[in-house]
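336 is the number that the numbering used here gives to position 330 of the sequence shown; each next residue is one higher, with no gaps.
Cβ coordinates follow ideal geometry from the N, Cα and C atoms, glycine included.
In this text the structure is predicted, and so the values were computed from the model without any measurement.
Okay, so here's the structure we're looking at.
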Amino acid sequence: MINLYVIEKSATARSGLTELIAELLHSDHEQIRLLPRIDVKPVSPQELEHHALPDIALLGPDFLSSDINYISSVANKLTGVPSLAMLPEQLDNLMFVERLSRLGIRNTVEANPQAHTFLSRLIQLTSGAKEKSPGKLVLVDGGSGVGVTSIVAALGEGYASEEKKVALVDADFDTQALSRFLQARPFLNETLQQILTGNHPCTQEYVRQCCGQIWADEENISIVPPVPALDGLITQAAPMARTYLSALEVVCADHDVTLLDSGTARGGLLQTLYRVADSIIFVLSPDPASVYGGVAKLESYINNISPNSKVFIVTNETPRPALSHKNLKSKLKSLLLHPQIKWVETPIPFCKNASAWPASGASMASLGSQATKKSLEQLRATISLFGEKALADSSKDTILKKSFGALKKYNKRKKLQAPKRKELPAATAPLYLDEPAAKETPRLPESDLLSAPTIRRSNENQDTSSMGVVTNGIGKMGT
């Protein structure tokens, strides 16, 4: 949100200028979505000392008609603040513009500007009005059912484990998948809905009430549940969509990283999210049935990204037979030529335990196998939001370790190898002469082992009168 101060002499002049700006900001200009939400506040020159510095200062025509020394004293109070001078008709000349420029006021507009002219000036000023927020916004998008929600939860838990303050934003307005899978109640965000409908102002105090803690023992991660599906969130120029982005800006400012699950966001809202995101993770499934839809979606939104943003394509593998990682990359060859798209070389492997994370009180980051955890760690390092270094390619080291390990085992076996016999040893004979044959302990199959009931030991003083006693192979009931 951008704070704009309207500086004029009289209260009447400030009120009239504020109404004019509000009318211009709510015009039907088709590209109004490019502007962040602007909070307009009328302030007299004398009150500047009692207020924090604004992001933009608008100097009214009556104020600019004052003595140049008085204008200079007020301009000194606004040092470092981008200012826009609304020139009165009698002072709309090059000489006065040059004098204002010497005072640091280098942007001017006529007294009754057209909407396009005024909005163009504001866009130029808002681009440098605020320093870049320390919080990073990461948009995670993909086709339906490819694991977007799973990756958002896993990355969030991973960043939280690194002592980063994380916010998860659920934009699935239809099913609230992220909130429900994490069991983060309430699943619908009534406070955010009141902000979007205008019943509550979009202030830091109210936006912070939209965030809820997920786990009682983890304070570094919170979630912003979605609102019910609202038509005003789809249209680009709708005030509701702009308010949603302003609330998102407050969330980003309060957290080190904000992970947004695109969910059912679409249309103008999703285009704007692609534009404002610092990084974009696009999830693809190697399932041939979903590859085409995912690629088509990425191609339709790729032109909306910021010049400083990157798109990271990551593969989330499935248990079903699918395209290989190499084959999938070859099919995306033309798309990967885009300078802002990067292919994540390490896919996220399928893990049965990790796929059971919904409503478990954890995510794939803690339930997954070592391969799953390593792939998620590699993904965070590839994105490098906080300067993480990518994990070294250990493929060569692994080959060397395996080679030396195999050679070591071979030498050991050769040393212990029994002398050759003309006849084959019996099936029950030991493998080596100096080592007794180990009795193989029967083991349940892995699937049965996971479902086997837990056997608890009974207490020593437990009454055995109701237990079956085995005598001579025959089970008898105790009396």
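Secondary structure of residue i, DSSP reduced to three states
i    : result
V87  : coil
L145 : strand
S228 : strand
T264 : strand
I111 : coil
K380 : helix
D45  : strand
L194 : coil
V152 : coil
L10  : strand
A63  : strand
E116 : strand
V175 : strand
Q215 : coil
L161 : helix
L236 : coil
L391 : coil
L202 : helix
L188 : coil
N478 : Low confidence applies here, because N478 scores a pLDDT of 44, under 50, leaving its location unreliable; read the following figure in that light. N478 falls in the coil class under three-state DSSP.
Same chain, Cβ closer than 6 Å to residue i, five either side skipped, listed in chain order
i    : result
L54  : K83
I354 : N322 and S381
S369 : A159, A160, E163 and W363
G299 : G149
L373 : N359, A360 and W363
S285 : V144, K316 and I389
T434 : Only weak support exists for where T434 lies, its pLDDT of 44 falling under 50; the value from the coordinates is given anyway. Counting only Cβ-Cβ distances below 6 Å, and skipping sequence neighbours, we find nothing.
V80  : P51
T352 : S381 and Q384
CB contact flag (residue i, residue j, <9 Å)
i    : j    : result
D293 : P232 : no
L59  : I111 : no
A173 : C208 : no
S330 : C357 : no
I157 : L385 : yes
I44  : L10  : yes
I62  : P88  : yes
S21  : P48  : yes
A259 : G141 : yes
A28  : P67  : no
L106 : I77  : yes
S296 : L290 : yes
V175 : L265 : yes
A377 : F187 : no
S312 : R272 : no
L202 : Y250 : yes
V263 : L391 : yes
Q120 : G367 : no
L343 : I319 : no
M92  : L31  : no
L97  : S71  : yes
K379 : A387 : no
Cβ shell of residue i (< 7 Å), same chain only, five flanking positions each side left out
i    : result
A548 : In the structure displayed, the chain extends from 7 to 485; residue 548 sits before or after that span and is not available.
D147 : V154, S268, I286 and F288
A283 : L143, V144, L145 and S315
L131 : I62, P88, L90 and N113
K335 : W349
Q200 : H206
P192 : P231
Own chain residues within Cβ distance below 8 Å of residue i, not counting five before or after
i    : result
T197 : H206, Y212, Q215 and C216
A183 : T155, D176, D267 and G269
T324 : S291, P292, D293 and F356
Write down every uninterrupted run of the alpha helix (DSSP H) in the region 267 to 350 whose length is 4 residues or greater and which is fully enclosed by it, in chain order.
-> 273 to 282, 294 to 307 and 331 to 337
For the region 245 to 253 and the region 118 to 126, state whether three or more C-beta atom pairs, one from each stretch, are separated by less than 8 Å.
-> no
Would you call the region 211 to 231 and the region 255 to 267 in contact, with 3 or more CB pairs under 8 Å?
-> yes
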